[in-house]
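Shown next, in structure tokens, is the structure this report addresses.
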Amino acid sequence: MTSRNQLPARSVDAVIVGAGQVGSLLAARLAAAGKRVVVFEAGPERRAGGLVSSQIWARQLKGTPGCAESVGSHALGVNFNTGQGGGGSALHHYACWFRLHPEDFAMRSRHGVAADWPLDYEALRPAYDRVQSDVGISGDAAAEVWRPAGAPYPMPPLPVFRQGELIAAGFAAKGLRVAPLPLAINSIPYKGRPACIYDGWCDAGCPTGALANPLVTYLREARTLGARIEFEARVVRVRTNADGTRATGVDVALRDGRVVFQEAALVIIAGFAVETPRLLLASANGAHGRGLANSSGQLGKRLHTHAACTIFGRFPEPTDNHLGVNGGQLVCQDRYGKDQGHGFLGGYQWLIGHALRPNDLLGIAGGRPDLHGAALTRFMRDDAAHVGSMTMVGESFPLEENAVSLSETTDRFGVPLARLTHRFDENAVKLHAHASAEGQDLLRAGGASATWQGPLVGMHLLGGARMGKDPAHAVADEFGITHDVRNLMIAGPSLFPSGGAVNPTFTASALAHRAAEHVVGRWSDLFG
Numbered sequence: 000m001t002s003r004n005q006l007p008a009r010s011v012d013a014v015i016v017g018a019g020q021v022g023s024l025l026a027a028r029l030a031a032a033g034k035r036v037v038v039f040e041a042g043p044e045r046r047a048g049g050l051v052s053s054q055i056w057a058r059q060l061k062g063t064p065g066c067a068e069s070v071g072s073h074a075l076g077v078n079f080n081t082g083q084g085g086g087g088s089a090l091h092h093y094a095c096w097f098r099l100h101p102e103d104f105a106m107r108s109r110h111g112v113a114a115d116w117p118l119d120y121e122a123l124r125p126a127y128d129r130v131q132s133d134v135g136i137s138g139d140a141a142a143e144v145w146r147p148a149g150a151p152y153p154m155p156p157l158p159v160f161r162q163g164e165l166i167a168a169g170f171a172a173k174g175l176r177v178a179p180l181p182l183a184i185n186s187i188p189y190k191g192r193p194a195c196i197y198d199g200w201c202d203a204g205c206p207t208g209a210l211a212n213p214l215v216t217y218l219r220e221a222r223t224l225g226a227r228i229e230f231e232a233r234v235v236r237v238r239t240n241a242d243g244t245r246a247t248g249v250d251v252a253l254r255d256g257r258v259v260f261q262e263a264a265l266v267i268i269a270g271f272a273v274e275t276p277r278l279l280l281a282s283a284n285g286a287h288g289r290g291l292a293n294s295s296g297q298l299g300k301r302l303h304t305h306a307a308c309t310i311f312g313r314f315p316e317p318t319d320n321h322l323g324v325n326g327g328q329l330v331c332q333d334r335y336g337k338d339q340g341h342g343f344l345g346g347y348q349w350l351i352g353h354a355l356r357p358n359d360l361l362g363i364a365g366g367r368p369d370l371h372g373a374a375l376t377r378f379m380r381d382d383a384a385h386v387g388s389m390t391m392v393g394e395s396f397p398l399e400e401n402a403v404s405l406s407e408t409t410d411r412f413g414v415p416l417a418r419l420t421h422r423f424d425e426n427a428v429k430l431h432a433h434a435s436a437e438g439q440d441l442l443r444a445g446g447a448s449a450t451w452q453g454p455l456v457g458m459h460l461l462g463g464a465r466m467g468k469d470p471a472h473a474v475a476d477e478f479g480i481t482h483d484v485r486n487l488m489i490a491g492p493s494l495f496p497s498g499g500a501v502n503p504t505f506t507a508s509a510l511a512h513r514a515a516e517h518v519v520g521r522w523s524d525l526f527g
């Protein structure tokens with residue numbers, strides 16, 4: 000049962016900051032091992048039955064209000080990429096669940112860019128398999144010829160509707176392969192959750208429970224196992240001993256205005272790629288003065304994202320583009336190779352056949368910002384039902400200058416806002432130009448009579464507290480335990496040294512599962 004800002008217990012085994020995907024997973028794993036766990040979530044409680052399939056309503060699920068500023072030549076869309084409240088950003092995510100490829104873990108060794116991960120694919124493979132079984136993924140592993148080795152998907156793929164069929168014909172005409180998109184969405188009933196009804200409201204939170212967001216998976220499990228979940232409880236500082244080598248707990252601002260201290264043996268920061276470095280930078284101590292766990296100077300640095308754009312086409316026949324799911328129906332990773340001889344390094348994938356809405360995110364009208372007035376009316380009347388779309392998700396490499404830093408502006412608790420600085424490197428700009436031209440050509444090959452595209456945008460937030468073997472160049476180790484403070488742990492995509500060209504939620508979840516197994520198995524050695 001959800002608590003209502005109870006006074007902190009004298010001490011707990013683990014405090015977790017953030018009730019999103021990885022925070023919820025870790026809470027469930029630790030509670031299952033008998034640990035006393037409390038989760039502090041800055042946003043409000045959400046319940047699956049209270050979610051509404053409305054674009055206007057869904058906006059309240061997105062962003063971290065009053066927490067961040069975004070600047071730079073390619074400023075990042077914080078409201079699209081983040082979330083606050085029960086479920087976090089995973090409450091409105093599109094459930095495209097891919098594994099990173101083995102090559103993604105060794106980009107520095109193989110290609111001289113980014114940094115190597117402190118583990119390889121085979122080390123993470125068992126965790127991918129376990130998480131896949133937990134949440135359920137629909138797909139066709141045999142058809143997905145690019146997929147790394149692993150257990151087959153537990154559910155068959157979701158259906159392909161007319162939009163997907165038309166676009167797939169263009170890929171076939173150009174000699175490119177497609178496969179069903181692997182989705183953490185039920186194609187059949189799974190673990191008490193119903194099959195999808197294909198009405199395309201994924202980013203409004205999925206009130207049926209067919210999409211595996213934390214409200215119906217790990218957060219629910221954590222509650223059942225006895226973890227205490229506190230909503231509207233913002234952690235404002237991580238406390239340490241005098242020399243900053245051991246975390247003692249956290250200061251929490253409660254909904255009634257009190258700031259209280261919660262003692263814990265283990266502190267886990269699962270606040271995503273903005274709030275995690277923000278909190279640690281704001282928890283500066285006398286040891287280094289640059290933020291907590293930051294002797295490397297890498298905290299907040301090398302924020303990165305995927306280079307993305309959406310391609311649209313008008314087809315002669317209706318595309319039934321209202322059917323399906325937001326993430327898409329099909330995927331092509333034939334362009335995932337790192338050096339394809341086009342003057343840039345890095346790969347990309349195509350997510351094909353999104354369920355579209357009239358406006359707003361993935362909106363038909365939003366795809367034509369050049370039209371207004373009578374021209375927009377004609378377009379919506381004559382063309383909207385004939386639109387097909389797909390999105391390019393491309394690789395970009397972390398630049399040290401792309402960073403989360405602290406603003407001079409503070410929130411109502413006196414904590415500095417996060418300031419996000421970002422630009423795409425020239426390599427990502429070239430990748431985008433090449434892929435967007437290819438995308439329009441593919442839609443024309445499928446019969447589109449007119450094509451257009453959206454701008455280069457950032458999709459997914461990664462980095463800011465990267466993991467690595469060398470404490471001089473990384474914030475945390477392969478389990479997310481910080482090199483400087485051995486009972487302080489980071490979870491989520493902020494750990495990623497590089498991002499490949501796939502959506503990050505599956506990998507972040509696998510990392511969290513592996514980390515939970517590690518700390519539970521060695522609890523007395525690490526924190527006893």
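Residues 0 to 527 (numbering that gives the first Met the number 0) make up the sequence shown, in order.
All C-beta atoms in this analysis are idealised placements derived from N, C-alpha and C, irrespective of residue type, glycine included.
Pull up the DSSP beta-bridge partners for residue 348, would you.
In the DSSP output, where bridge partners are listed per residue, residue 348 has 392.
For residue 190, which of 197, 146, 215, 426 has the nearest alpha-carbon?
If we check each option's Cα against that of residue 190, 215 comes out closest.
Contact the stretch 148-167 vs the stretch 37-53: 3+ CB pairs below 8 Å:
no
Sorted by chain position, which residues of the same chain lie with C-beta nearer than 6 Å to residue 175's C-beta, five sequence neighbours on each side aside?
Taken in chain order, the residues that qualify are 331, 333.
Local conformation of residue 332 per DSSP, three classes
Note: residue 332 maps to coil in three-state DSSP.
Residue 438 to residue 202 span [Cα, whole Å]
24 Å
Contact set for residue 118: own chain, Cβ-Cβ below 6 Å, skip 5 residues either direction
477
Coil, strand or helix - residue 12 by DSSP
strand
State the DSSP-derived secondary structure class of residue 423, mapped to helix, strand or coil.
In the displayed model, residue 423 falls within coil according to three-state DSSP, outside both helix and strand.
From the DSSP output, read off the bridge partner residues of residue 95.
182
Boundaries (first-last residue) of the beta strand (DSSP E) holding residue 29:
Segment 20-31 is the alpha helix (DSSP H) holding residue 29; no beta strand (DSSP E) there.
Quick one: is residue 436 buried, meaning 16 or more other Cβ sit within 10 Å of its Cβ, or exposed?
Residue 436 should be labelled exposed.
Using CA coordinates, which residue listed in 128, 227, 312, 91 is at the minimum distance from residue 167?
312
Need the endpoints of the alpha helix (DSSP H) that residue 166 sits in, please.
161-172
In its own chain, which residues sit with a C-beta less than 7 Å from the C-beta of residue 286, not counting the 5 before and 5 after it?
In this predicted model, residue 286 has a pLDDT of only 43, less than 50, meaning its place in the structure is not dependable enough to derive any value.
Where DSSP assigns a beta bridge to residue 228, which residues make up the other side?
38
Output the residue ranges of the alpha helix (DSSP H) runs that lie fully inside the stretch 264-319 and measure 4 residues or longer, sorted by chain position.
271-281
So is residue 212 buried or exposed if we call it buried at 16+ other beta carbons inside 10 Å?
buried
Can you list, in chain order, the stretches of the beta strand (DSSP E) that have 3 or more residues and sit fully within the stretch 398-452?
Unbroken beta strand (DSSP E) stretches of 3 residues or longer found wholly inside the stretch 398-452: 402-409, 415-420, 449-452, given in chain order.
Counting Cβ pairs, one atom from each stretch, are 3 or more of them under 8 Å apart for the stretch 499-509 and the stretch 339-350?
Three or more beta-carbon pairs separated by less than 8 Å link the stretch 499-509 to the stretch 339-350, which places the two stretches in contact.
Contacts around residue 194, its chain only, beta-carbon distance under 8 Å, and the 5 residues preceding and following it disregarded:
Annotation for residue 194: 185, 186, 187, 188, 209 place their beta carbon closer than 8 Å to its own, counting only its chain and skipping 5 residues before and after.
Output needed for residue 524: all residues of its chain with C-beta closer than 6 Å, excluding positions within five of it in sequence on either side, in chain order.
Exclusion of the five residues before and after residue 524 leaves no residue of its chain whose Cβ lies closer than 6 Å to its Cβ.
Taking only the alpha-carbon atoms, compute the straight-line gap between residue 310 and residue 386 and give it to the nearest angstrom.
Computed Cα separation, rounded: 10 Å.
Who are residue 245's beta bridge partners in DSSP?
The partner list for residue 245 (beta bridge, DSSP) is empty, contrary to what the question assumes.
Around the C-beta of residue 94, are 16 or more other C-beta atoms found within 10 angstroms, so that it is buried, or is it exposed?
buried
For residue 258, count neighbouring Cβ atoms within 10 angstroms of its own Cβ and tell me buried if that reaches 16, exposed if not.
exposed
In whole angstroms, what is the alpha-carbon distance linking residue 22 and residue 514?
12 Å
Reference residue 66; option with closest CA among 381, 495, 272
272
Return the first residue and the last residue of the alpha helix (DSSP H) that residue 520 is part of.
Its alpha helix (DSSP H) spans residues 504-520.
Tell me, please, whether the stretch 379-397 touches the stretch 19-38 by the rule of three or more beta-carbon pairs shorter than 8 Å.
no
Go ahead and label residue 377 buried or exposed: buried means 16 or more other beta carbons lie within 10 angstroms of its beta carbon, across all protein chains shown.
exposed
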